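Take the sequence shown: its letter number 119 is residue 398 in our numbering, and every next letter is one higher. We put the beta carbon where it would ideally sit given N, CA and C, even for glycine. On a predicted model such as this, the values are computed, not experimentally measured, just so you know.
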Amino acid sequence: MQNALRTFAGSTFAHVGFAFLAMGGWALFANSGHGLAAAWLPALSQGVLSGLITLVLKRALEAMSPRFPGPLAYVVPPAITAGAVLALLVAVHKLIGTPEIVRTIAVPWSVSTFYAIVYAATLARGQAKAPPKVPQ
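Below you can see the structure in the form of C-alpha coordinates.
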(Lines of atoms letter the chains of each structure in order from A; the text may use other names.)
(Lines give C-alpha, C1' and ligand atoms only; values in the text may rest on other atoms or scores of the structure.)
Protein backbone atom coordinates (compact mmCIF):
# COMPACT_ATOMS: atom_id res chain seq x y z
CA MET A 280 0.00 0.00 0.00
CA GLN A 281 2.76 2.44 0.93
CA ASN A 282 4.64 1.68 -2.29
CA ALA A 283 1.50 2.31 -4.37
CA LEU A 284 0.95 5.63 -2.58
CA ARG A 285 4.57 6.64 -3.19
CA THR A 286 4.26 5.71 -6.88
CA PHE A 287 1.05 7.74 -7.22
CA ALA A 288 2.54 10.75 -5.38
CA GLY A 289 5.46 10.77 -7.80
CA SER A 290 3.30 10.50 -10.90
CA THR A 291 2.80 13.34 -13.36
CA PHE A 292 -0.96 12.81 -13.10
CA ALA A 293 -0.86 13.44 -9.34
CA HIS A 294 1.21 16.61 -9.72
CA VAL A 295 -1.02 18.01 -12.48
CA GLY A 296 -4.16 17.05 -10.57
CA PHE A 297 -2.90 18.66 -7.38
CA ALA A 298 -1.98 21.86 -9.25
CA PHE A 299 -5.43 21.93 -10.88
CA LEU A 300 -7.27 21.49 -7.58
CA ALA A 301 -5.06 23.70 -5.41
CA MET A 302 -4.72 26.66 -7.75
CA GLY A 303 -8.22 26.36 -9.16
CA GLY A 304 -9.47 26.33 -5.57
CA TRP A 305 -7.37 29.38 -4.79
CA ALA A 306 -8.83 31.24 -7.79
CA LEU A 307 -12.35 30.32 -6.66
CA PHE A 308 -11.59 31.75 -3.21
CA ALA A 309 -9.88 34.87 -4.65
CA ASN A 310 -12.96 35.71 -6.72
CA SER A 311 -15.66 34.46 -4.33
CA GLY A 312 -16.60 37.99 -3.28
CA HIS A 313 -18.08 38.47 -6.75
CA GLY A 314 -20.38 35.43 -6.51
CA LEU A 315 -20.09 31.94 -7.94
CA ALA A 316 -21.24 33.06 -11.39
CA ALA A 317 -18.18 35.33 -11.67
CA ALA A 318 -15.77 32.99 -9.86
CA TRP A 319 -16.21 29.61 -11.57
CA LEU A 320 -14.59 30.47 -14.93
CA PRO A 321 -11.44 31.99 -13.38
CA ALA A 322 -11.23 28.94 -11.08
CA LEU A 323 -11.56 26.45 -13.92
CA SER A 324 -9.16 28.43 -16.12
CA GLN A 325 -6.56 28.78 -13.38
CA GLY A 326 -6.80 25.07 -12.61
CA VAL A 327 -6.18 24.18 -16.25
CA LEU A 328 -3.36 26.74 -16.58
CA SER A 329 -1.67 25.49 -13.41
CA GLY A 330 -1.86 21.90 -14.62
CA LEU A 331 -0.27 22.89 -17.94
CA ILE A 332 2.37 25.02 -16.23
CA THR A 333 3.22 22.06 -14.01
CA LEU A 334 3.73 19.88 -17.09
CA VAL A 335 5.90 22.38 -18.97
CA LEU A 336 7.92 24.23 -16.32
CA LYS A 337 10.30 21.44 -15.29
CA ARG A 338 11.10 20.49 -18.86
CA ALA A 339 11.60 24.12 -19.90
CA LEU A 340 14.08 24.71 -17.07
CA GLU A 341 15.95 21.51 -17.92
CA ALA A 342 16.18 22.56 -21.57
CA MET A 343 17.38 26.09 -20.79
CA SER A 344 19.83 25.43 -17.97
CA PRO A 345 22.72 23.95 -19.99
CA ARG A 346 22.55 26.87 -22.43
CA PHE A 347 23.73 29.38 -19.82
CA PRO A 348 27.21 29.28 -18.29
CA GLY A 349 28.07 29.77 -14.62
CA PRO A 350 25.94 32.18 -12.59
CA LEU A 351 23.66 32.89 -15.55
CA ALA A 352 22.25 29.36 -15.21
CA TYR A 353 20.93 30.35 -11.78
CA VAL A 354 19.20 33.52 -12.97
CA VAL A 355 18.18 33.47 -16.62
CA PRO A 356 16.04 30.29 -16.86
CA PRO A 357 13.82 31.15 -13.86
CA ALA A 358 13.56 34.77 -15.03
CA ILE A 359 12.38 33.63 -18.46
CA THR A 360 9.85 31.16 -17.07
CA ALA A 361 8.59 33.65 -14.45
CA GLY A 362 8.02 36.25 -17.15
CA ALA A 363 6.33 33.78 -19.47
CA VAL A 364 4.05 32.43 -16.72
CA LEU A 365 3.12 35.95 -15.61
CA ALA A 366 2.32 37.04 -19.17
CA LEU A 367 0.21 33.92 -19.76
CA LEU A 368 -1.74 34.27 -16.51
CA VAL A 369 -2.44 37.98 -16.97
CA ALA A 370 -3.45 37.54 -20.62
CA VAL A 371 -5.84 34.65 -19.98
CA HIS A 372 -7.47 36.25 -16.94
CA LYS A 373 -7.90 39.59 -18.76
CA LEU A 374 -9.37 37.75 -21.73
CA ILE A 375 -11.97 35.91 -19.65
CA GLY A 376 -12.80 38.92 -17.46
CA THR A 377 -11.52 37.67 -14.11
CA PRO A 378 -12.72 40.19 -11.49
CA GLU A 379 -9.68 39.86 -9.17
CA ILE A 380 -6.72 39.28 -11.50
CA VAL A 381 -3.94 40.20 -9.06
CA ARG A 382 -5.40 38.12 -6.21
CA THR A 383 -6.08 35.24 -8.59
CA ILE A 384 -2.57 35.00 -10.02
CA ALA A 385 -0.57 35.96 -6.91
CA VAL A 386 -0.34 32.46 -5.44
CA PRO A 387 0.07 30.43 -8.67
CA TRP A 388 2.71 32.83 -10.02
CA SER A 389 4.59 32.96 -6.71
CA VAL A 390 4.61 29.18 -6.34
CA SER A 391 5.74 28.55 -9.92
CA THR A 392 8.45 31.23 -9.68
CA PHE A 393 9.75 29.87 -6.36
CA TYR A 394 9.86 26.38 -7.84
CA ALA A 395 11.69 27.70 -10.92
CA ILE A 396 14.31 29.46 -8.77
CA VAL A 397 14.94 26.40 -6.59
CA TYR A 398 14.98 23.92 -9.48
CA ALA A 399 17.22 26.13 -11.65
CA ALA A 400 19.68 26.40 -8.75
CA THR A 401 19.64 22.61 -8.37
CA LEU A 402 20.34 22.18 -12.07
CA ALA A 403 23.07 24.84 -12.06
CA ARG A 404 24.81 23.22 -9.08
CA GLY A 405 24.71 19.90 -10.92
CA GLN A 406 26.30 21.52 -13.97
CA ALA A 407 29.01 23.10 -11.84
CA LYS A 408 29.93 19.72 -10.32
CA ALA A 409 29.92 17.88 -13.65
CA PRO A 410 33.30 17.25 -15.26
CA PRO A 411 34.02 19.59 -18.18
CA LYS A 412 33.13 18.31 -21.62
CA VAL A 413 36.14 17.57 -23.80
CA PRO A 414 35.66 18.60 -27.45
CA GLN A 415 36.21 15.77 -29.89
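Within 8 angstroms, strictly: CB atoms of residue i and residue j
i      : j      : result
Ala293 : Pro357 : no
Ile380 : His372 : yes
Ile396 : Val364 : no
Ile384 : Leu368 : yes
For residue i, the nearest candidate out of the options (CA to CA)
i      : options                           : result
Ser329 : Gly304, Pro350, Lys373 and Ala316 : Gly304
Gln325 : Leu402, Ala342 and Ser391         : Ser391
Pro387 : Leu300, Lys408, Thr286 and Ala317 : Leu300
Phe457 : Ala342, Lys337, Ser311 and Val369 : Past the boundaries of the shown model lies residue 457; the chain is included only from 280 to 415, so the question cannot be answered.
Ser311 : Ala283, Thr377 and Ser389         : Thr377
Ala339 : Ala361, Val327 and Leu320         : Ala361
Val327 : Met302, Ala366, Ala316 and Thr286 : Met302
Own chain partners of residue i with C-beta closer than 6 angstroms, once the 5 adjacent residues on each side are dropped
i      : result
Gly349 : none
Leu307 : Ala318 and Ala322
Ala309 : Glu379, Arg382 and Thr383
His313 : Pro378
Ala403 : Ala352 and Tyr353
First through last residue of the alpha helix (DSSP H) which encompasses residue i
i      : result
Ser329 : Leu315 to Met343
Met302 : Thr291 to Ala309
Gly362 : Leu351 to Ile375
Residues of its chain near residue i, where Cβ-Cβ distance is below 8 angstroms and the 5 sequence neighbours each way are ignored
i      : result
Gln406 : Ser344, Pro345 and Ala352
Beta-carbon contacts of residue i that lie in its chain and below 7 angstroms, excluding the five residues immediately before and after
i      : result
Val295 : Gly330, Thr333 and Leu334
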